[in-house]
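Reviewing the structure listed below.
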Amino acid sequence: MKVDDRILGALFALLGAVVLWHVQSFPVIPGQKFGAALFPGVLSGGMIICGVLLALRGIRRRAPGGRLLAFDDWARDPLTVIRFLSVPAGILFYVLTSNFLGFHIAASLAMLGWLVVFGMKPLPSLAIAIIFPIVMHLAFYKILRVPLPWGLLTNVVFP
Amino acid sequence: MTAEVLSQAFTLVFDPYVLWVVAASAAFGLFVGAVPGLTATMATALLVPATFFMPPIPAIASMVTATAMAIFAGDIPSCLLRIPGTPASAAYTDEAYALTRKGQGELALGAGLVFSVIGGLFGTIVLILAAPLLAEFALRFSSFEYFWLTLLGLSCAVFIATGDKLKGMISLLIGLLVATVGLDNPAAFPRFTFGLPELMGGAELIPIMVGMFAVSEVMRSTITVAAPLETAQTAIGNVFRGMWRLMKKYPLQTLRGSVLGTLIGALPGAGADIAAWMSYAMSKKFSKEPEKFGTGHLEGIVESGASNNSALAGAWIPAMVFGIPGDSITAIVIGVLYMKNLNPGPTLFVDNAASVYAVFLLFILANLLMLPFGWAAIKSFKQILRMPRKALLPCILVFCILGAFAINNSVIGVAMMMGFGVLAWFMEENGIPVAPAILGMVLGTLLEEHFVTSMIKSEGHVGAFFDRPIAGTLGVMMIALVVVPPVLRLLRRTRPA
Chain B
159 MKVDDRILGA LFALLGAVVL WHVQSFPVIP GQKFGAALFP GVLSGGMIIC
209 GVLLALRGIR RRAPGGRLLA FDDWARDPLT VIRFLSVPAG ILFYVLTSNF
259 LGFHIAASLA MLGWLVVFGM KPLPSLAIAI IFPIVMHLAF YKILRVPLPW
309 GLLTNVVFP
Chain G
131 MTAEVLSQAF TLVFDPYVLW VVAASAAFGL FVGAVPGLTA TMATALLVPA
181 TFFMPPIPAI ASMVTATAMA IFAGDIPSCL LRIPGTPASA AYTDEAYALT
231 RKGQGELALG AGLVFSVIGG LFGTIVLILA APLLAEFALR FSSFEYFWLT
281 LLGLSCAVFI ATGDKLKGMI SLLIGLLVAT VGLDNPAAFP RFTFGLPELM
331 GGAELIPIMV GMFAVSEVMR STITVAAPLE TAQTAIGNVF RGMWRLMKKY
381 PLQTLRGSVL GTLIGALPGA GADIAAWMSY AMSKKFSKEP EKFGTGHLEG
431 IVESGASNNS ALAGAWIPAM VFGIPGDSIT AIVIGVLYMK NLNPGPTLFV
481 DNAASVYAVF LLFILANLLM LPFGWAAIKS FKQILRMPRK ALLPCILVFC
531 ILGAFAINNS VIGVAMMMGF GVLAWFMEEN GIPVAPAILG MVLGTLLEEH
581 FVTSMIKSEG HVGAFFDRPI AGTLGVMMIA LVVVPPVLRL LRRTRPA
């Protein structure tokens with residue numbers, strides 16, 4: 159996904175402006191000229207300048223028929239797009255469900271989804287999706303003592 | 131100091147646990163480097179969650195070993211598949227593959243291995259000699275000097291290491307902005323926390339780096355995951371045959387590659403990949419037979435192979451002495467050093483000399499181990515290829531999730547990892563380099579601290595930034611770095627040729 163410099167620059171300058179507006183609300187230290195707002199304030203100035211410069215450069219170098227948003231060839235193949243989007247989608251699924259489902263179930267489901275989407279056969283996918291989280295459980299929970307959430311399995315493991 | 135400190139360092143390094151970690155990390159680094167699409171930086175990012183639970187020396191040992199191995203291992207698929215295993219091998223991929231097609235794959239692999247070791251050892255020697263001297267000098271620095279030095283480091287990353295300076299600057303500003311999140315500022319006011327208590331302590335760097343270097347790469351890999359990988363040459367002969375002759379034939383090239391690699395490594399923001407590209411170009415320019423380049427000629431592989439491994443050690447010079455990372459890998463390492471209370475900087479050399487010398491020893495050890503381990507990796511490359519990437523990528527993702535979670539035991543880390551993974555992918559898609567952003571995140575807090583401290587000390591007078599001799603010199607250098615190139619360009623344009 160290629161976004162034209164005109165849009166990229168404008169958005170970045172806008173973000174800088176929002177930051178500049180937001181840091182005005184930071185409290186000042188009494189009797190001190192320089193506080194929490196100084197550094198982000200300087201940064202936001204830089205962001206506005208760079209954003210505007212990028213947008214101007216985009217306008218100057220604009221190619222005839224240049225689109226504001228362009229996609230690569232692979233974006234026309236639906237399966238590749240699904241594979242690509244499955245990465246953030248699977249992680250998001252884990253973030254949203256791991257407290258409720260627990261690490262083991264949430265990670266297994268996410269893995270199963272990835273494996274099938276990437277083109278593994280169902281049976282090996284199922285095997286890997288069950289075994290790998292158990293191996294990770296042994297490494298992180300047992301050896302490194304990371305408190306992985308048990309979720310639905312809490313009552314099974316600690317009856 | 132030396133004898134006692136050295137013996138302490140030896141005890142630290144030659145401990146069974148450390149040696150075990152070194153061996154395991156070597157195998158891990160070789161594997162990650164050899165699989166196309168997984169880079170040395172990703173190897174470091176994936177190691178961080180594991181190092182979180184180790185004492186400082188094994189933690190550093192694992193990262194030093196894994197990165198050295200991964201940079202070499204990147205040569206294997208670039209030679210046999212024409213796919214660089216890591217970006218640092220991309221400069222001479224075509225050259226190495228041309229040799230493979232002539233049935234001389236073992237020569238290209240051997241040169242990659244042997245000259246990686248030589249370059250790595252050269253960079254290590256420079257690190258050992260230069261770092262303590264610089265540290266002694268740096269002990270005299272105040273907040274003004276550190277402000278300029280940090281700013282100079284960040285500007286190097288933008289003005290020297292990236293093609294598009296404006297986009298490099300934008301990347302840097304993104305990084306610096308992320309660094310301002312949290313309570314860690316002059317007024318201890320929670321900035322940009324969006325009401326999340328997890329962000330009070332600042333944006334946690336480890337999940338961000340795992341996202342930017344591992345998740346974004348997995349996303350890119352999904353596009354090619356279905357394509358099968360096939361090697362051009364099936365039997366690999368003795369990779370060490372003919373190496374002695376090469377060493378005698380190209381001593382100058384080896385030295386030039388090692389020197390340039392170390393220097394580029396030491397420059398903030400530019401790492402092994404840029405070192406390899408520049409050395410390859412330099413080799414071609416000064417070669418007596420430049421017409422042979424690209425047809426399977428070993429000269430360029432020798433020079434750039436030495437260069438990319440020496441850059442790894444070079445990058446540690448500013449990282450250890452000033453706390454300014456020389457490349458993305460040392461940016462991650464610095465994050466780990468802070469976690470381990472081994473804060474980088476000149477005082478590290480005084481307070482913790484044994485650890486510093488232990489790092490030096492680890493570098494020598496890792497580079498020497500590259501010979502047997504690299505040989506084994508070349509031999510078993512076909513088995514590595516048999517590991518299907520469609521099974522590997524989901525495992526990497528679950529590992530990333532666990533790593534991002536384990537830092538604070540919170541899913542906020544996992545969500546940040548995802549967000550920054552998508553951001554890094556988007557940035558690279560649009561030609562915005564990621565390295566300046568990482569440097570900005572690592573150095574942002576320091577830069578602000580030195581900036582605000584200096585402003586308070588000088589009561590707002592900018593002139594004070596130039597009053598002290600070293601600070602003044604650094605300040606002038608900094609301004610020259612920004613002002614001179616455009617002025618030169620303007621002069622060239624006004625004076626018609």
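Those sequence lines, one after another, are chains B and G. Under this note's numbering, the letters of the first sequence match residues 159 to 317, in that order. Under this note's numbering, the letters of the second sequence match residues 131 to 627, in that order. Even glycine gets a Cβ: it sits at the ideal position worked out from N, Cα and C. Computed from a predicted model, the values in this text were never measured in an experiment.
Can you give the Cα-Cα distance for residue i and residue j, rounded to whole angstroms?
{"i": "Met339 (chain G)", "j": "Leu306 (chain G)", "result": "14 Å"}
{"i": "Pro566 (chain G)", "j": "Gly204 (chain B)", "result": "15 Å"}
{"i": "Ser246 (chain G)", "j": "Ala402 (chain G)", "result": "11 Å"}
{"i": "Leu577 (chain G)", "j": "Ala198 (chain G)", "result": "30 Å"}
{"i": "Ser409 (chain G)", "j": "Thr352 (chain G)", "result": "32 Å"}
{"i": "Leu390 (chain G)", "j": "Ser437 (chain G)", "result": "7 Å"}
{"i": "Val572 (chain G)", "j": "Arg303 (chain B)", "result": "28 Å"}
{"i": "Leu212 (chain B)", "j": "Gly174 (chain B)", "result": "13 Å"}
{"i": "Ala334 (chain G)", "j": "Lys415 (chain G)", "result": "What sits at residue 334 (chain G) in the sequence shown is Glu, not Ala. Rounded to the nearest angstrom, the two C-alpha atoms are 44 Å apart."}
{"i": "Ser283 (chain B)", "j": "Val245 (chain B)", "result": "16 Å"}
{"i": "Val293 (chain B)", "j": "Met269 (chain B)", "result": "13 Å"}
{"i": "Phe197 (chain B)", "j": "Cys208 (chain B)", "result": "17 Å"}
{"i": "Arg164 (chain B)", "j": "Glu559 (chain G)", "result": "16 Å"}
{"i": "Lys418 (chain G)", "j": "Leu428 (chain G)", "result": "13 Å"}
{"i": "Pro317 (chain B)", "j": "Val275 (chain B)", "result": "36 Å"}
{"i": "Ala356 (chain G)", "j": "Phe242 (chain B)", "result": "12 Å"}
Excluding the 5 residues preceding and the 5 following residue i in the sequence, name in chain order all residues of the same chain whose CB lies nearer than 8 Å to its CB.
{"i": "Met278 (chain B)", "result": "Ile286"}
{"i": "Ser256 (chain B)", "result": "Ala264, Ala265, Pro307 and Gly309"}
{"i": "Asp224 (chain G)", "result": "Arg212 and Gly424"}
{"i": "Leu302 (chain G)", "result": "Leu284, Ala287, Val288, Pro566, Ala567, Leu569 and Gly570"}
{"i": "Phe503 (chain G)", "result": "Ala156, Ala157, Leu160 and Met199"}
Closer than 9 Å by beta-carbon distance: list the chain G residues that pair up with residue i, in chain order.
{"i": "Val161 (chain B)", "result": "Phe556, Glu559 and Asn560"}
{"i": "Leu259 (chain B)", "result": "Correct list: empty, because the minimum Cβ distance to chain G is about 12 Å."}
{"i": "Lys279 (chain B)", "result": "The premise fails here: Lys279 (chain B) is roughly 10 Å from chain G at the closest Cβ pair, so nothing lies under 9 Å."}
Could you name the residues of chain B that residue i contacts, counting a contact when the two beta carbons are closer than 8 Å?
{"i": "Asn539 (chain G)", "result": "Val304 and Pro305"}
{"i": "Thr310 (chain G)", "result": "Phe197, Pro198 and Leu201"}
{"i": "Phe319 (chain G)", "result": "Phe184, Pro185, Gly193 and Ala194"}
Would you call residue i buried or exposed, if buried means 16 or more other Cβ atoms sit within 10 Å of its Cβ?
{"i": "Ile288 (chain B)", "result": "exposed"}
{"i": "Asn315 (chain G)", "result": "buried"}
{"i": "Tyr147 (chain G)", "result": "exposed"}
{"i": "Trp407 (chain G)", "result": "buried"}
{"i": "Ala627 (chain G)", "result": "Caution is warranted here: a pLDDT of 47 is assigned to Ala627 (chain G), below 50, making its placement in the model unreliable, and the coordinate value is therefore given only provisionally. Looking at its Cβ environment, which holds fewer than 16 other Cβ atoms inside 10 Å, Ala627 (chain G) is exposed."}
{"i": "Arg220 (chain B)", "result": "exposed"}
{"i": "Ser485 (chain G)", "result": "buried"}
{"i": "Ser183 (chain B)", "result": "exposed"}
Please determine, among the options, the residue with the shortest C-alpha to C-alpha distance to residue i.
{"i": "Pro222 (chain B)", "options": "B:Asp162, B:Thr312 and B:Tyr252", "result": "B:Asp162"}
{"i": "Met330 (chain G)", "options": "G:Pro337, G:Gly341 and G:Ala318", "result": "G:Ala318"}
{"i": "Leu279 (chain G)", "options": "G:Leu313, G:Gly453 and G:Gly395", "result": "G:Gly453"}
{"i": "Ala496 (chain G)", "options": "G:Leu136, G:Val143, G:Thr132 and G:Ala133", "result": "G:Val143"}
{"i": "Asn471 (chain G)", "options": "G:Met571, G:Phe182, G:Met342 and G:Glu328", "result": "G:Phe182"}
{"i": "Gly298 (chain G)", "options": "G:Gly590, G:Phe370 and G:Val564", "result": "G:Val564"}
{"i": "Tyr299 (chain B)", "options": "G:Met342, G:Pro179 and G:Gly332", "result": "G:Pro179"}
{"i": "Ile304 (chain G)", "options": "G:Val606, G:His580 and G:Met557", "result": "G:Met557"}
{"i": "Pro448 (chain G)", "options": "G:Gly312, G:Gly395, G:Ser219 and G:Thr477", "result": "G:Gly395"}
{"i": "Ala168 (chain B)", "options": "B:Val200, B:Leu201 and B:Leu214", "result": "B:Leu214"}
{"i": "Leu166 (chain B)", "options": "B:Leu226, B:Lys191, B:Pro291 and B:Ser202", "result": "B:Leu226"}
{"i": "Trp555 (chain G)", "options": "G:Gly574, G:Arg350 and G:Ile537", "result": "G:Arg350"}
{"i": "Ile300 (chain G)", "options": "G:Thr310, G:Trp446, G:Ile562 and G:Arg386", "result": "G:Ile562"}
Leaving out five residues before and five after residue i in sequence, what residues of the same chain have Cβ atoms less than 7 Å from its Cβ?
{"i": "Leu229 (chain G)", "result": "Gly235, Leu237, Ala238 and Gly426"}
{"i": "Gly602 (chain G)", "result": "Phe596"}
{"i": "Thr216 (chain G)", "result": "Gly163, Thr169, Ala170, Ala200, Ile201 and Gly204"}
Going along chain G in order, which residues have a C-beta closer than 7 Å to the C-beta of residue i?
{"i": "Leu211 (chain B)", "result": "Leu296"}
{"i": "Thr238 (chain B)", "result": "Ile353"}
{"i": "Leu250 (chain B)", "result": "Met548"}
{"i": "Pro291 (chain B)", "result": "Val528"}
Which same chain residues end up closer than 6 Å to residue i when comparing Cβ atoms and leaving out the 5 residues on each side of it in sequence?
{"i": "Phe252 (chain G)", "result": "Ser388 and Ser440"}
{"i": "Gly193 (chain B)", "result": "Val186 and Ile187"}
{"i": "Lys160 (chain B)", "result": "Ala228"}
{"i": "Ala173 (chain G)", "result": "Gly159, Val162, Ala196 and Ala200"}
{"i": "Gly551 (chain G)", "result": "Gly341, Val345 and Ser346"}
Can you pull the chain B neighbours of residue i, defined as C-beta to C-beta under 7 Å?
{"i": "Val582 (chain G)", "result": "Phe192, Leu196 and Phe197"}
{"i": "Ala521 (chain G)", "result": "Leu273, Met278 and Ile286"}
Going along chain B, which residues have a C-beta under 9 Å from residue i?
{"i": "Pro316 (chain G)", "result": "Ile187, Gln190, Phe192, Gly193, Ala194, Leu196 and Phe197"}
{"i": "Gly590 (chain G)", "result": "Lys191 and Phe192"}
Which chain G residues sit within Cβ distance under 8 Å of residue i?
{"i": "Arg218 (chain B)", "result": "In chain order: nothing, as chain G lies at least about 12 Å away."}
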